[in-house]
Amino acid sequence: MPNPNPAKAIYLMVGGFLGAGKTTAILKLAELLRQRGKKVGLISNDQSYGLVDTKMFGAAGFAVEEITGGCFCCKFNSLVEASGKLTARTLPDAFIAEPVGSCTDLKATVDYPLRRMYGEQYALAPFTVLVDPARALRVLGIEPGKSFSSKVLYIYDKQLEEAEVIAINKIDTLAPERLAKLRTALAAKYPRTKIVEISARQGAGIEAWLDLLLAAPVQTAGAMEVDYDVYADGEALLGWLNAAVTVAAAAEFDGNAWLQDLVGRLQAELNRLGIEVAHLKLTFSPDEGNDLAVLNLTGSDMRPELTYQLQEPLAAGELIVNLRAEADPEMLREMVGQVVQQLNGEAGRQLNLKHLEAFRPGRPTPTHRLATV
Ligand SMILES: Nc1nc2c(ncn2[C@@H]2O[C@H](COP(=O)(O)OP(=O)(O)OP(=O)(O)O)[C@@H](O)[C@H]2O)c(=O)[nH]1
Ligand SMILES: [Mg+2]
Numbered sequence: 450m451p452n453p454n455p456a457k458a459i460y461l462m463v464g465g466f467l468g469a470g471k472t473t474a475i476l477k478l479a480e481l482l483r484q485r486g487k488k489v490g491l492i493s494n495d496q497s498y499g500l501v502d503t504k505m506f507g508a509a510g511f512a513v514e515e516i517t518g519g520c521f522c523c524k525f526n527s528l529v530e531a532s533g534k535l536t537a538r539t540l541p542d543a544f545i546a547e548p549v550g551s552c553t554d555l556k557a558t559v560d561y562p563l564r565r566m567y568g569e570q571y572a573l574a575p576f577t578v579l580v581d582p583a584r585a586l587r588v589l590g591i592e593p594g595k596s597f598s599s600k601v602l603y604i605y606d607k608q609l610e611e612a613e614v615i616a617i618n619k620i621d622t623l624a625p626e627r628l629a630k631l632r633t634a635l636a637a638k639y640p641r642t643k644i645v646e647i648s649a650r651q652g653a654g655i656e657a658w659l660d661l662l663l664a665a666p667v668q669t670a671g672a673m674e675v676d677y678d679v680y681a682d683g684e685a686l687l688g689w690l691n692a693a694v695t696v697a698a699a700a701e702f703d704g705n706a707w708l709q710d711l712v713g714r715l716q717a718e719l720n721r722l723g724i725e726v727a728h729l730k731l732t733f734s735p736d737e738g739n740d741l742a743v744l745n746l747t748g749s750d751m752r753p754e755l756t757y758q759l760q761e762p763l764a765a766g767e768l769i770v771n772l773r774a775e776a777d778p779e780m781l782r783e784m785v786g787q788v789v790q791q792l793n794g795e796a797g798r799q800l801n802l803k804h805l806e807a808f809r810p811g812r813p814t815p816t817h818r819l820a821t822v
């Protein structure tokens, strides 16, 4: 692997808007690195705890650290600490960090500070921003469909502006003409940025993308302009909800079907209330063993996808709900609370809401902000 300084661990950050496929793509990168004989440490990040992403990273057998309660830029020291913990645990050859999907300005607030202060330990790869093509085609005005309000779209645009590599993900879902249209529009809008095309789900393009990240020189001067008032307003328009629910039944039942029924009810409510979903993700896992179901919805009018299925029926388990949508968090709280209540008692299943929180992310206040290394 062409790591310019083999003494240093490679540090990769893979950003992109909520639901773009960061977790899926990071797992593919990590698997590829593992195949190449490298040890990998993963870092997940969210505004709150009880994270589906951490569960997914751990389930794939990677060492993982989770940073909660704020994004990397505002929790820079926690990021450094997490990297240190992973080093102590497994001495990774490569770190891959997933920033929060509503976060931007990561070059100036995370990448440059890491290079300046920890450049001896880590070799930072170019910063990739992933794009969900269906979402991007709408945001760029190429296709009609529901989208977000302008301050949320400001964040979306800033994320792409600072990318050194834009990875158009989910190409398995796209006819060649739509992909060409999107690629042309992105190249016109961000002419200096490298664009790659991948399917994180199927693995297409992952190897070429990784090789590009390991070989490409990085831009290390200049921070983009960011209006932190608009950025903060945009983030605050997004409601976040995390819930954990225990489920116990007298007899075993089909957890996959149950989860699909649950997401159907949530989606119907979201559409009735006119709420645009950025990403709704659910996991359902039995109390015993490693079995896991994961269900995703990346837009209110999209189709929910059961991306991992439980292999066996179960009688007791835990449901985790992570919902990010453009909505008043209290509305989300009420909606999820009601659906859980509806399901409680059905077919002898007892649901117990262990944890429920809903909030708007606070104003981003980066620990550091540098214009250059
Ligand atoms: N068809 C297809 N689906 C994909 C691909 N990559 C990711 N997805 C799906 O997109 C959804 C969101 O993927 P995640 O990896 O959780 O996205 P994320 O960017 O980490 O989401 P957040 O952490 O919530 O911001 C899931 O249903 C994935 O299975 C892909 O290449 N093709
Ligand atoms: Mg994720």
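Residue numbers for the sequence shown follow this note's numbering, beginning at 450 and rising by one. All C-beta atoms in this analysis are idealised placements derived from N, C-alpha and C, irrespective of residue type, glycine included.
May I have the straight-line CA-CA distance separating residue i from residue j, to the nearest angstrom?
i: I644; j: A574; result: 15 Å
i: R641; j: I516; result: 32 Å
i: Q651; j: I620; result: 9 Å
i: P451; j: L663; result: Residue placement at P451 is poorly supported in this model, since its pLDDT is 44, which falls under 50; the coordinates still yield a value, given next. Distance between the alpha carbons of P451 and L663 is about 6 Å.
i: L802; j: Q787; result: 11 Å
i: N526; j: E547; result: 16 Å
i: F576; j: E767; result: 35 Å
i: R812; j: A698; result: 42 Å
i: R773; j: I615; result: 23 Å
i: N454; j: G738; result: Note on N454: pLDDT 49, under 50, position unreliable in the model; the coordinate value appears next. Cα to Cα, N454 sits roughly 41 Å from G738.
i: A764; j: A700; result: 6 Å
i: L563; j: P625; result: 39 Å
i: L800; j: V822; result: 51 Å
i: A649; j: T622; result: 11 Å
i: L755; j: T503; result: 18 Å
i: H804; j: I617; result: 35 Å
i: K638; j: F521; result: 27 Å
i: L659; j: G688; result: 33 Å
i: A469; j: A583; result: 10 Å
i: F808; j: V789; result: 19 Å
Short check: CB of residue i to CB of residue j, under 8 Å?
i: V489; j: A474; result: no
i: Q785; j: L690; result: In the sequence on display, residue 785 carries Val and not Gln. The answer is yes: Cβ separation under 8 Å.
i: P753; j: V696; result: no
i: D495; j: V549; result: yes
i: K471; j: G464; result: yes
i: L540; j: I492; result: no
i: S598; j: E775; result: yes
i: Y757; j: L781; result: no
i: A572; j: L535; result: no
i: G657; j: P810; result: At residue 657 the sequence reads Ala, which differs from the Gly that was named. Taking 8 Å as the Cβ cut-off, A657 and P810 do not qualify as a contacting pair.
i: A727; j: L467; result: yes
i: M462; j: D560; result: yes
Residue i: beta carbon under 7 Å from a heavy atom of ligand 1?
i: K504; result: no
i: Q496; result: no
i: D621; result: yes
i: T821; result: no
i: G468; result: yes
i: S648; result: yes
i: E754; result: yes
i: Q651; result: yes
i: K730; result: yes
i: T816; result: no
i: N745; result: yes
i: G654; result: no
i: G688; result: no
i: G465; result: yes
i: R773; result: yes
i: D691; result: The sequence as given places Asn at residue 691; Asp does not occur at that position. For ligand 1, not one heavy atom lies less than 7 Å from the Cβ of N691.
i: G683; result: no
i: G590; result: no
i: N705; result: no
Is residue i near ligand 2, judged by its Cβ being under 7 Å from some heavy atom?
i: E547; result: yes
i: T472; result: yes
What is the residue span of the beta strand (DSSP E) that residue i lies within?
i: I620; result: Here I620 belongs to no beta strand (DSSP E), and DSSP marks it neither H nor E.
i: F597; result: Neither: F597 is in no beta strand (DSSP E) and is coded neither H nor E.
i: F544; result: 543-546
i: S734; result: 725-735
i: M462; result: 458-465
i: L577; result: The residue asked about is misnamed: residue 577 is Thr in this sequence, not Leu. T577 -> beta strand (DSSP E) spans 577-580.
i: E613; result: Unbroken run through E613: none, as it is neither H nor E.
For the alpha helix (DSSP H) holding residue i, just list the boundary residues, first then last.
i: M673; result: Here M673 belongs to no alpha helix (DSSP H), and DSSP marks it neither H nor E.
i: Y571; result: Premise fails: Y571 lies in the beta strand (DSSP E), 571-573, not in any alpha helix (DSSP H).
i: E480; result: 471-484
i: L563; result: 561-567
i: T695; result: Where T695 is concerned, there is no enclosing alpha helix (DSSP H), although the beta strand (DSSP E) it sits in stretches over 687-702.
i: Q758; result: First-last for Q758: undefined, no H or E at that position.
query: Counting Cβ pairs, one atom from each stretch, are 3 or more of them under 8 Å apart for the segment 721-739 and the segment 496-516?
result: Taking 8 Å as the limit for Cβ pairs, the verdict is that the segment 496-516 does touch the segment 721-739.
query: Is it true that the segment 693-707 meets the segment 665-680, where meeting means three or more beta-carbon pairs spaced less than 8 Å apart?
result: no
message: Within 8 Å, do at least three Cβ pairs link the segment 585-593 to the segment 617-635?
response: yes
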